[in-house]
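Report on the following structure.
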Amino acid sequence: MASPKIMVIGAGVMGQGLAEAIATEGTEVMLLDKTTRLAEKGIKGISESMDREIEKWGLTESDKKAIMARIIPSSDLSMADETEIIIEAIPEKLELKRDLFEKLDTICKSDCLIISNTGTISVSELAEVTERPEKIIGMHFLNPVTKIPLVEIIKGLKTDDETFKKAVAFASILGKEYITVNEYPGYVTTRIIVPLLNEAMHVLMEGVASAEDIDRAMKLGFGFNVGPLTLADTMGLDVVMSWMQNLLNELSEHKYNPCPLLRKMVRAGHLGVKTGSGFFRYDEEGNKIKDNDKKVSQ
Amino acid sequence: MNILVLNCGSSSIKYQLINTDSEVALAKGMVARIGMSASVLTHKPHDRDQTVISAEILDHIQATEQVINILLSDKYGVIKDRSEIHAIGHRVVHGGEKFTDSVLITSDLMKELRELIELAPLHNPHNIRGINACSKTLPGVPQVAVFDTSVHHKIPDYAYIYGIPYVLYKRYGIRRYGFHGMSHRYVSVRAAKMIGRPLEELKIITCHLGNGASITAFDGGVSIDTSMGFTPLEGLLMGTRTGDMDPAIILHIMAREELTLHEANTLLNKHSGLLGISGVSSDMKEVTSAAVDGHSNAQLAFNTYCYRIRKYIGSYTAALKGLDAVVFTGGVGENSIPVRSATCAGFEYLGMAIDADKNDAVDGKECDISTDDSRVKILVVPTNEELVIARDTKRIVEESA
């Protein structure tokens, strides 16, 4: 059997979402992580996410079976040599990503499209560690990837037009609309949402209103689908904090300084949905526990 | 004339090579799992055993190439040369208001077909992909599009319009189109032959009961109403589709369960119908046997299914102002004794009575299952949509030659 033409590196929440989105469109995809165990954990995560979607009537068992059959777990980075599109979704840490790009540069075919799914890290800086900076591009998908119809396509300083066109074609295969972003820290979505989340945390910390009321206010008042604190919980509070720190490092602006409450919660390991507690509490399936909507820390 | 009949889906292509003189399918088969490294080609020549081949088939071009190769192959083939494929007939789901008959495919026509994608986003893009693939693999061979909708193009305006602001019809083409056209047309013509009277003087109701199901009223061979509407969701209860329902229900459910458009769409099309009510299966055979075993929701699903058909037979009798025959076709219509029996019971006041023994004895062939003195005939006719496509393709190619 030939190996898939598309590879997703990093089997965390974003990597799972990307693999699911790609497989849902009918294409085979390899989901890779450092160990087979991690990759298979990613597969399990995708399976659970699809089960939730079946419960919400969005999918059928036979759809799920067909989609799962298209996702192949792996821990062997050397498989990237035959791949045509690689998208990485490893943790948002510059050293980790640089290290990966250096390796990919030695393994991948010269015409391979190498994409970083980053919200805050500089594509140009990643491109610089390779011998082919013009072939490197950023595509910032949002979580949950299968549901959010948007992707930001980020051109690094040296990204060429052909690479950009390939990225646009990839976005269209996935049925996503794209916006073009010139490289600048935080791009559009992260840059705008992060201060909003941070401000909501300040409002909570200062005792202005309860977590639930803050979210209700933004939902009912401004038509948000989810409130900012629920959104932060969904994204992962550690992730939100790392975005803020990246923005703060790059732009040195006070407004990107993580709210002390956020720092405290991350230190305590209250990271949101994935740990069962953040600004709200969640059961094992990630559903909010209704009777206990009050914040758990502070 | 040998016609290659194709029905192209997102990841599958069904094909038949039909000789229009003998009206025999020389070979039939299907390519499944297109886009995967382990695609499957199932092929059955008319006079030999079925064979299954696994190969990497990444797109519709490779798939049509594989189909042609196997039609030509020494071992499984039925023709010796590509030139023995004289024309290609494509099933195209939606012809909109524009296409009232099958048409020869030209580059101008492709533009118009692409414009119809908005009306049938799930089907037409794949049909178009199949046409493009054939232009590459069989260049110069004439191709014809045969539409599911075109048989219904004479439905009068009062039957196709919905009770919503008229401007939405003008703006988005929202009206009843109807589907399963090839099947309804084929069985209505066969029915007239079986009755031995001209189609032009008959009032016939055709029930296509497959995984999708629809029912059509033919007055003198013209479809004057059909149960599927703007999409195939309307009308009869189906394997996994709701059929008729109060549209406010979906708004209510979307609000209560916080569903997205996609989730609501999947709920109505894939989680409903026989499967949704019974919780057992979308397959009528399994639902029926569960009902026999005392599964109450399976019985409920069965009852709802048959009741819905009965209501349509009643209302279409009123629309037709009379009735000469009811025809059953499609997987369920051709094979389910209990569905035909439950559906046709109690219509004696209309002059229609089913003969239980004849109904039990149906064996995959055309037959009359009404009692000898039943004024309205009840017929079972195995459908043959591919033959309709082949015949139309031949006619259009000859007309345009």
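Note that the protein sequences, when read in sequence, are chains U and Y.
Using the working numbering, read the first sequence as starting at 6 and increasing by one per residue.
Using the working numbering, read the second sequence as starting at 6 and increasing by one per residue.
Glycine is no exception: its CB is placed at the ideal position from the N, C-alpha and C atoms.
Here's the rule I'm using: 16 or more other beta-carbon atoms within 10 Å means buried, otherwise exposed. How should PRO96 (chain U) be labelled? exposed
Assigned secondary structure, GLU205 (chain Y) (DSSP; H/G/I helix, E/B strand, else coil): helix
Enumerate in chain order the residues of its own chain whose CB-to-CB distance from ARG396 (chain Y) is below 7 Å, with the five nearest sequence positions on each side excluded. THR25
Residues within the stretch 262 to 292 of chain Y neighbouring chain U, beta-carbon criterion of under 8 Å: GLU262, LEU264, THR265, HIS267, GLU268, ALA269, THR271, LEU272, LYS275, HIS276
Does DSSP put ASP298 (chain U) in a helix, a strand or coil? A caution first: ASP298 (chain U) carries a pLDDT of 46, below 50, which makes its placement in the model unreliable, though a value can still be read off. Coil at ASP298 (chain U), not helix or strand.
Mapping the DSSP letters down to three states, classify ASN148 (chain U) as helix, strand or coil. coil
Give a yes or no on whether the C-beta atoms belonging to LEU264 (chain Y) and LEU272 (chain Y) are separated by under 8 Å. yes
Just tell me which of Y:GLY100, Y:GLY101, Y:HIS95, Y:PHE235 has its CA closest to the CA of HIS132 (chain Y). Here residue 132 (chain Y) turns out to be Asn, not His, going by the sequence shown. Among Y:GLY100, Y:GLY101, Y:HIS95, Y:PHE235, the Cα nearest to that of ASN132 (chain Y) is on Y:HIS95.
So PRO108 (chain Y) and VAL149 (chain Y) are in contact, right, with Cβ under 8 Å, and what is the actual spacing, rounded? The displayed chain sequence assigns Val, not Pro, to residue 108 (chain Y). Contact holds; Cβ gap of about 7 Å.
Please look up how many angstroms separate the CB atoms of ARG180 (chain Y) and ILE166 (chain Y), rounded, as I've assumed it's under 8 Å. 6 Å
Beta-carbon of ARG75 (chain U) versus every beta-carbon of chain Y: anything under 8 Å? yes
Which residues does DSSP list as the beta-bridge partners of CYS117 (chain U)? DSSP output for CYS117 (chain U) lists no bridge partner at all.
Span of the beta strand (DSSP E) holding CYS13 (chain Y)? 7 to 13
Name the two residues that bound the continuous alpha helix (DSSP H) containing PHE175 (chain U). 166 to 178
Under 8 Å between C-beta atoms, does LEU64 (chain U) make it to chain Y? yes
Short Cβ contact (8 Å threshold) for GLU102 (chain Y) with GLY178 (chain Y): yes
State buried or exposed for HIS207 (chain U), treating a residue as buried only when at least 16 other CB atoms are found within 10 Å of its CB. exposed
HIS276 (chain Y) to PHE227 (chain U) span [Cα, whole Å]: 33 Å
List the DSSP bridge partners of ARG96 (chain Y). Y:VAL151
Using a Cβ cut-off of 8 Å, pull out every chain Y residue sitting near LYS61 (chain U), in sequence order please. GLU262, LEU264, GLU268
VAL13 (chain U) bridges to which residues according to DSSP? U:LEU36, U:ILE92
Separation of CYS372 (chain Y) from GLY338 (chain Y), as counted between CA atoms: 12 Å
Contacting positions in the stretch 21 to 46 of chain U - beta carbon closer than 8 Å to chain Y: GLY31, THR32, GLU33
C-beta contact flag for ILE91 (chain U) and LEU36 (chain U) at 8 Å: no
Kindly provide the ranges of any beta strand (DSSP E) runs that are 3 or more residues long and lie completely inside the stretch 39 to 105 of chain U, ordered along the chain. 76 to 79, 90 to 93
Which same chain residues, not among the five before or five after ILE255 (chain Y), have their C-beta less than 7 Å away from its C-beta? ALA269, LEU273
Going straight from the alpha carbon of LEU209 (chain U) to that of GLU255 (chain U), what length do you get? 27 Å
Segment contact flag, the stretch 94 to 110 of chain U with the stretch 242 to 254 of chain U, C-beta cutoff 8 Å, min 3 pairs: yes
From Y:HIS189, Y:ALA125, Y:LYS175, Y:SER88, residue whose alpha carbon lies closest to that of GLY145 (chain Y): Y:SER88
Helix, strand or coil: how does DSSP classify MET41 (chain Y) here? strand
For a test of the three-state rule: what should DSSP assign to LYS33 (chain Y), helix, strand or coil? strand
Neighbourhood of ASN297 (chain U) by C-beta, 6 Å cutoff - its chain only, sequence neighbours within 5 removed: Since pLDDT at ASN297 (chain U) reaches only 48, below the 50 mark, its modelled position is unreliable, and the value read off the structure follows with that caveat. Cβ within range, chain order: ARG286.
Check whether GLY40 (chain Y) and LYS208 (chain Y) have beta carbons under 8 Å apart: no
Can you tell me whether TYR171 (chain Y) is buried or exposed, with buried defined as 16 or more other CB within 10 angstroms of its CB? exposed
With a cut-off of 8 Å, do at least 3 Cβ pairs link the stretch 213 to 231 of chain U to the stretch 184 to 197 of chain U? no
When burial is assigned at 16 or more other CB atoms within 10 Å of the CB, is LYS382 (chain Y) buried or exposed? buried
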